[in-house]
Structures are given as structure tokens and as C-alpha cells.
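Q:
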Amino acid sequence: MTIAEGSAANASIAAKIDNHPAARPQVSIETADIVFEELVEGGMTRYLAIWQSTIPAELGPVRSVRPMDPDIVSPFGGIMAYSGGQARFVAMMQASPVYNAIHGQADTENTFFRTPTKSSPHNVLVKAQDVVAEHTDLPAPAQQFGYATETVPASAMSGTATSVINLVFSQMSTRSWTWDAARGAFARSQDGATDLDTAGSPYGATNVLVLRVPVTVEQDIPKSELVGTGEAWVSSGGHTVHATWSKTAAAEKITLVDDAGAQILLAPGNSWIELVPQAGSVELVPPTTP
3 MTIAEGSAAN ASIAAKIDNH PAARPQVSIE TADIVFEELV EGGMTRYLAI
53 WQSTIPAELG PVRSVRPMDP DIVSPFGGIM AYSGGQARFV AMMQASPVYN
103 AIHGQADTEN TFFRTPTKSS PHNVLVKAQD VVAEHTDLPA PAQQFGYATE
153 TVPASAMSGT ATSVINLVFS QMSTRSWTWD AARGAFARSQ DGATDLDTAG
203 SPYGATNVLV LRVPVTVEQD IPKSELVGTG EAWVSSGGHT VHATWSKTAA
253 AEKITLVDDA GAQILLAPGN SWIELVPQAG SVELVPPTTP
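Residue 292, in this note's numbering, is where the sequence shown stops; the numbers in between run on with no holes.
1) If you reduce the DSSP assignment to three classes, tell me which class R68 lands in.
2) Where does P279 fall in DSSP's three states?
3) Any idea if T47 is buried or exposed, counting beta-carbon neighbours within 10 angstroms, 16 or more meaning buried?
4) Is the beta carbon of D71 closer than 7 angstroms to that of L50?
5) Once you ignore the five residues that flank G8 on each side, which residues in its own chain have a CB closer than 8 angstroms to its CB?
6) Are the CB atoms of D261 and H241 nearer to each other than 7 angstroms?
7) Leaving out five residues before and five after P270 in sequence, what residues of the same chain have Cβ atoms less than 6 angstroms from its Cβ?
8) Just the C-alpha distance for I15 and G80, rounded to the nearest angstrom, thanks.
9) Secondary structure at T110, three-state DSSP: helix, strand or coil?
10) Please name the residue in Q131, F38, V42, A13 whose C-alpha comes closest to that of H22.
11) Where do the N-terminal and C-terminal ends of the beta strand (DSSP E) with D182 fall, by residue?
12) Quick one, which of G232, H137, V133, V170 has its alpha-carbon nearest L213's?
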């Protein structure tokens, strides 16, 4: 039994996705509705990706959770798939309003597996449609952001023309998004190289949301502090608008307003949310004048 693709009634499935070079190209994050990128130990990053409008047959590779993940996923509810983690972080996730689907447990014996095409520990995949089909009692998530309509354009379209978005998470993790007008999306690069999906195409985003976040460190594990407020930039359609993000509690959604205090409207499509540390940097590059 599987969930029909494109169904709007099913629960969302979120997953902690590996971004180690050995995990690339990842499976199905190009079809995720929302992808969060966060700093983890060693200056590297991992993703928390969320699927709801289309549930892929498989996704991954999944890895272990980190302390910011409950704050990210709680507003969506649904299912959270991951490979485990430190006991304190797993306990935090299990206390969140999501179903915890964890590799190696009895309830995931038939839905999590190791692919022979990647090396351990970067090879745990999830049969996402089967997992969602096992939890039809879970409701669909609430809408998280405001979206443009045919008559009301995306907020970023009134902003500054942007050719490239350059981000620094750490000395070893740099990211770039380049506007591709023909594709109608920003195309992703990381660490100076184009970031390709399994089909050999660059990962793309209709919306790129950059949130500057404080990062605290406990026992060598960084935590992006997402309950609070800070500076943000929202990019859509080759333009960027300056914004402020806020989140009042773990279970509350992220609110985005422009400098006049109006709600930000995203363009219909997928979004990547970059949780850039305050110690990192954000650069918006305007188009080159002919």
C-alpha cells in the first residue's frame, strides 16, 4: 500500500538527510517541499527535508538528529525519519509532536534499508510512501508560510535584483544560489561546485530563505537557535527582499515580515531555508550590467 503522489490530505514526512560527500547525490531531496540546511559539528551541514505535496518512493540517506531538529519539525507534525542519535537528542525528538521513525527499530524493519550503492553510514534509505501509508491517522500539516497568488505577487519581486546568493556556514562550508531565468529557479552550488541531484541536474529552489541564527555549542554539538528572532532575506524570481524572522516556541511556525512589518509572501514552489550562523556571512550579488 502506498500514498498517491500529489495527495494534499496525507501527513508530511520529514527526514534528517546526510550532506557528507559520500552521501551525495542524495535521494529525492529535489522533490521536497521545504529543505532546511543547518550547521553541525566539524563545520559541516546537514539537511532536514520535508515532503507532503509529493511523497517519493524512497528518500535519504538519513542520519542522526541534532538539538535544533525538534524546533524545526514540530510545527509540521507528521513523521520524522532518522537513523538515531545521542540519547538526549532522541529524547527531545520523541517529546515532540511527531511520529518518530527511527532506523533499527521494529516498526521500521520493513521500511528502512541500506542501499549497496553507498558506503555505511551514508547509505540508510527510507521507503517513504510505505511509511506514510502506515500512518494515515496523522493529519496533514498546517500551512507554514504565506504564498503569492495570481493577483498578488511574491514579496521578493519588489526587492533588489539578485544574480547570486553567497553564504558562508563555516570555513569549510560555503553555499551559493545562482538565479537561472530559463529554469525559473535558483540553482545550488556548495563548496565551489555545482550541487547535482541523481539525474545530474543542479538542485533548484523557487524560494531561498536565508535566516541568520545564533549558534550555541554544548559538548561540541552546535545548535542553531530557532526560537527567537533575527535578520532574514527572502529571494524569489531573481529578486530579494530584506526581512525579519521570528518563532515564539518550538511548535509555532516561522513568521516572516518585511521591513514595513507586512507578511512575506513566497512564490508557489519549493523552498530552501538556510540557517546561516551569525558568525557566517551573507552576500547578495546584483546582476552584471551589460
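For each residue, glycine too, the CB sits at the ideal point set by N, CA and C.
A: For this structure:
1) In the structure shown, the three-state DSSP call for R68 is coil.
2) P279: strand per DSSP, three-state reduction.
3) Result: buried.
4) Yes. Within cutoff.
5) Any answer about G8 is weak, because its pLDDT of 46 lies below 50 and its placement is not dependable; what the coordinates show is given next. A distance below 8 angstroms between beta-carbons, with the five flanking residues on each side excluded, links G8 to the following residues of its chain, in chain order: S55, T56.
6) With respect to the 7 angstroms criterion, D261 and H241 are not classified as neighbours on the basis of their beta carbons.
7) Contacts found: Y149.
8) Computed Cα separation, rounded: 6 angstroms.
9) Here T110 sits in helix by DSSP.
10) Answer by Cα proximity: V42.
11) 175-182 is the extent of the beta strand (DSSP E) around D182.
12) Checked all of G232, H137, V133, V170; the closest Cα to L213 is G232.
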